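**Q**
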Amino acid sequence: MRPKVRFLTDSLIEQIVAEAIDLLENLGVEVHNAEAVDLLASHGCRVDGSGRRVYLTSSLVEQAVR
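Numbering-wise (this note's numbering), the sequence shown opens with residue 28 and increments by one.
Quick look at the structure:
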């Protein structure tokens with residue numbers, strides 16, 4: 028039996044996930060595919076005036092990683 032090694036505690040993992048979601052919500056991501064932008068917008072994501080920066084919602088991110 029191989030020993031298990033853990034480098035991150037559960038609370039640290041939760042903090043990393045929370046901060047990643049915060050970045051996706053507040054800084055957004057740049058998307059260069061108009062169809063993908065439209066799809067994300069139809070699922071509640073905010074799109075800036077350039078039509079390329081998409082701000083993901085925490086609920087969409089959580090749903091996607093489950």
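Heads up, the beta-carbon is just placed ideally off N, CA and C, and yes, glycines get one too. No experiment lies behind these values; they were computed from the predicted model shown.
Since I believe H59 is in contact with R33 (beta carbons under 8 angstroms), could you give me their beta-carbon distance rounded to a whole number of angstroms?
**A** Mapped onto the sequence shown, residue 33 falls at position 6. Mapped onto the sequence shown, residue 59 falls at position 32. Not really, about 38 angstroms apart at Cβ, beyond 8 angstroms.
**Q** For V44, does the three-state DSSP call read helix, strand or coil?
**A** Here the question's residue 44 lines up with position 17 in the sequence shown. Three-state DSSP puts V44 in a helix.
**Q** Can you tell me where the beta strand (DSSP E) holding V81 begins and where it ends?
**A** In the sequence shown, the residue the question calls residue 81 occupies position 54. Element bounds for V81: 80–82.
**Q** Does the segment 34–42 come close enough to the segment 55–73 that 3 or more CB-CB pairs lie under 8 angstroms?
**A** Too few Cβ pairs lie closer than 8 angstroms, so no.
**Q** I'd like to confirm the pairing. Which residues does DSSP put opposite E57 in its beta bridges?
**A** On the sequence shown, position 30 is the one that residue 57 refers to. Beta-bridge pairing links E57 to R80.
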